[in-house]
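Read the structure below first, then the notes.
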DNA sequence: ATCCCCGCTGGAATCGATTCCATGGAATCG
DNA sequence: CGATTCCATGGAATCGATTCCAGCGGGGAT
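Protein chains in written order, with this note's numbering: chain A, 279 to 621; chain B, 279 to 621.
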């Protein structure tokens, strides 16, 4: 049971050489049944556990992969982390967790640590323009997979959500309810999902012949507070929107708070649709309509891709579908909204 | 920039032996300024990065620590993970994340993986009675720290919340509002926090001379669904409670849903207080009164303790205080509750 | 019966970094 | 000026597991 039991000890107890012991335990080369049995018995009796560090030094694999997200406290990334980690475990790989905290410098710090630890591969929801260590990764030929986000100019397999489809679902849903003025609370242009969702929104607006007033377009930073600021700006405008579409869940919560403080009722005076489903969005009052992707599947798929690349395969990027989950927050119809007390 | 640059390459380029190169880069032994400069320059030019695996094999430290929680998707554990991980990073240690999924078998699987990876130490929010691999850890003398929960019979430093104080705060708060019949939705007796909070509740009830009707005590499993079941049972009883106290956040959400479905209004017909503050509890309608501990501090403190133990120190267990955050969900006064429509 | 082949084995090299040991040269002191 | 000390350094052993290589013995084929 002691962690300091080494292969040499096992070999000695079994009365064979370390070479034979290794062959038996890794099961690769031919070994005699007698040796096999004795080595296995010795290993069990001594509580032998292979030293992954030594193994990693000799062979190329370390059975450790890095996962770099912006913040696990964001339920969306927590789901990704969980999906990735469970998939890794099934291949007996450990997951090194890293939070970039929306900070490019810390992202670089962690990539450096990953490189030093000689991980077998890295899954990352990248920040910024991909200058710093992201390039170093490519040059070091470390298997890499992007999840949720991508960076232009990198030939790296990715697992993303179908943002265009998601936006279309949301806009179509609101248009169907009769809304023509939809206020958009977007993400930062420095993140690929921020850019993709904005352009998809502009296209969807045009496709559905809705109001393309530039005053209806705002941008936040995917954090809660910015959602409130954006909502305030939209609602204070000359002709306020009758519906809001927020590009992520945290900004949606910020918007929700702001709307309430203005005495407006979501789902009655104003419709609200958010990206990313979070377990408790259905518990809010009113429950929030969302365009959701399966974050856990995102993480699990990314890990599968990564393990494939590590094994020498050539992974193809995957785009997962989004789906609309209509709840009460988008029950508002514009005529009602038109009569709401202006702020 | 290539990951395959080795110390030998650096030494060759600097025109010194590997021994000298190692001494310069680790900065331990005396080296001449000339050698220092040449080695450093060579290392930078080649983009040398020490191989942590090889380093770990030779020296005792691997600069990797394991963190085992039941589920990162639980915001409480996500906070712990974040706090722990950031603290580890400051000591340039990586954090291996593991989800036990409330499953003792998977907990054992992960402990095994950690042992194989030869981590420097492990932080764990333990499950079960501590049979399986938890004992193996103790025997292997791997530095260990318990977080949030403990297991009887283990002499392991821990970082926990002051459950007794938290329960007292909650009960005192409700008693002050005039409640005498408080329904308790507890955790599983297999988890230390479940046991501690229940006994603290019984003591607090006695101390405040409140109704000690055994029908007011229920237990769940810290998962959402069980909170709903428990609430249903409490509310269907002959003399339903006028206030509910839930031993964790997920069960509180379950109870909330159940209460709503019965047409009762939290904060008016019935008071609800929950353990664990979660960012969006203030966004619920009504905002939830909670007894909270700083989960991030819990994780950060646990990591500090662990790093201390790894460095040969003898860490003392820490008990962090809890505090009451009163919000509208506990504004209900019992006389109102008494007149609510019975289910 | 001889030869060859194949399965199994022990021994040794290897991965990359650390650290001990011995040595050479310079510096210091009597 | 000679002897002792000390500092910097190169070389080698080491950590634990894998894998190549050579050899040994047995069985089958001719």
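All C-beta atoms, glycine included, are put in the ideal place defined by N, C-alpha and C.
Note that this is a predicted model, so its numbers are computed, not measured.
Residues within the segment 348-365 of chain B neighbouring chain A, beta-carbon criterion of under 8 Å: Listed by position along the chain: 349, 350, 351, 353, 356, 357, 359, 360, 363 and 364.
Three-state secondary structure assigned by DSSP to residue 387/B: Shown here, residue 387/B sits in a helix according to DSSP, grouped into three states.
Sub-8 Å separation of residue 550/A and residue 361/A beta-carbons: Against a cut-off of 8 Å, the Cβ pair of residue 361/A and residue 550/A comes out as no contact.
Selection of the segment 316-340 of chain B by Cβ proximity to chain A, strictly under 8 Å: Sequence-ordered contacts of the segment 316-340 of chain B with chain A read 325, 327, 328, 329, 330, 331, 332, 334, 335 and 340 [C-beta pairs closer than 8 Å].
Members of the segment 557-570 of chain B that neighbour chain A once the beta carbon cut-off is set at 7 Å: So the list reads 558, 561, 562 and 563, given in the order they occur along the chain.
Any chain A beta carbon closer than 8 Å to residue 608/B: By this cut-off, residue 608/B is not an interface position.
For residue 288/A and residue 324/A, the rounded distance between their alpha carbons: Distance between the alpha carbons of residue 324/A and residue 288/A: 7 Å.
Residue 310/A burial status per 10 Å Cβ neighbour count (16 or more: buried): With a 10 Å radius around the Cβ and a threshold of 16 neighbouring Cβ atoms, residue 310/A comes out exposed.
Given residue 345/B as reference, the closest of 352/B, 388/B and 321/B once Cα atoms are compared: A check of alpha carbon separations from residue 345/B across 352/B, 388/B and 321/B identifies 388/B as the nearest.
Contacts of residue 396/B in chain A (Cβ-Cβ under 8 Å): Those are 281, 329, 330 and 331, listed as they occur along chain A.
Touch test, the segment 333-342 of chain B against the segment 504-516 of chain B, Cβ-Cβ under 8 Å, three pairs minimum: They do not touch, by the three-pair rule.
Helix, strand or coil at residue 483/A according to DSSP, with G and I counted as helix: It is helical.
CB contact check: residue 304/A to chain B, cutoff 8 Å: No, because no Cβ of chain B sits closer than 8 Å to the Cβ of residue 304/A.
Cβ contact (3+ pairs, closer than 8 Å) linking the segment 541-550 of chain A and the segment 361-373 of chain A: Between the segment 541-550 of chain A and the segment 361-373 of chain A, the count of C-beta pairs closer than 8 Å stays below three; the two stretches do not touch.
Neighbour flag for residue 289/A against chain B, beta carbons, 8 Å: Not closer than 8 Å to any Cβ of chain B, the Cβ of residue 289/A fails to qualify, so no.
Backbone secondary structure at residue 309/B - three-state DSSP: In this structure, residue 309/B counts as coil in the three-state DSSP scheme.
Through-space distance from residue 342/B to residue 391/B, alpha-carbon basis: One Cα belongs to residue 391/B, the other to residue 342/B, and the distance between them is close to 13 Å.
Residues bridged to residue 400/A (per DSSP): DSSP, once it has assigned bridges, lists 344/A and 422/A as partnering residue 400/A.
Residue burial classification, residue 385/A (beta-carbon count within 10 angstroms, cutoff 16): Flag for residue 385/A reads buried.
Chain B within 8 Å of residue 375/A, Cβ atoms only: Cβ-Cβ to chain B under 8 Å: yes for residue 375/A.
Whole-angstrom distance between residue 499/A and residue 563/B, CA atom to CA atom: Roughly 26 Å between the two C-alpha positions.
For residue 603/A, three-class secondary structure by DSSP: In this structure, DSSP gives residue 603/A an extended state, which the three-state scheme calls strand.
Simplified DSSP assignment, three categories, for residue 444/B: Helix at residue 444/B.
Inter-stretch contact (C-beta, 8 Å, three-pair minimum) for the segment 412-429 of chain B and the segment 447-455 of chain B: Too few Cβ pairs lie closer than 8 Å, so no.
CB contact check: residue 393/A to chain B, cutoff 8 Å: Yes, its Cβ sits closer than 8 Å to a Cβ of chain B.
At least three beta-carbon pairs within less than 8 Å, the segment 293-300 of chain B to the segment 598-612 of chain A: Not touching, per the Cβ criterion.
Interface flag, residue 615/B vs chain A, CB-CB below 8 Å: Model confidence at residue 615/B stands at a pLDDT of 43, short of 50, so the residue's coordinates are unreliable; what they give is reported in the following sentence. Answer no: the Cβ-Cβ gap between residue 615/B and chain A never drops below 8 Å.
Check whether residue 464/B and residue 611/B have beta carbons under 8 Å apart: Taking 8 Å as the cut-off, the Cβ atoms of residue 464/B and residue 611/B do not count as close.
Extent of the continuous beta strand (DSSP E) to which residue 506/A belongs: Counting along the chain, residue 506/A falls outside any beta strand (DSSP E), though it belongs to the alpha helix (DSSP H) covering 502-514.
Stretch pair the segment 516-535 of chain B + the segment 514-524 of chain A: three plus CB contacts closer than 8 Å: Contact between the segment 516-535 of chain B and the segment 514-524 of chain A is absent, because fewer than three Cβ pairs lie under 8 Å.
Straight-line gap, residue 351/B to residue 357/A (C-alpha atoms, nearest Å): Here the alpha carbon of residue 351/B sits roughly 6 Å from the alpha carbon of residue 357/A.
8 Å contact criterion, which residue 580/A and residue 568/A should meet: CB distance rounded: That belief does not hold up - the Cβ atoms of residue 580/A and residue 568/A are roughly 22 Å apart, past 8 Å.
Cross-chain neighbours of residue 515/B in chain A, by beta carbon under 7 Å: Within 7 Å Cβ-Cβ: nothing; residue 515/B doesn't reach chain A, min ~24 Å.
Neighbour-count burial assignment, residue 370/B, 16 or more Cβ in a 10 Å radius: With fewer than 16 other Cβ atoms within 10 Å, it is exposed.
Residues bridged to residue 374/A (per DSSP): Answer is 344/A and 374/B.
Local Cβ density within 10 Å of residue 573/B, reported as buried at 16 or more and exposed below that: With 16 or more Cβ atoms within 10 Å of its Cβ, residue 573/B is classed as buried.
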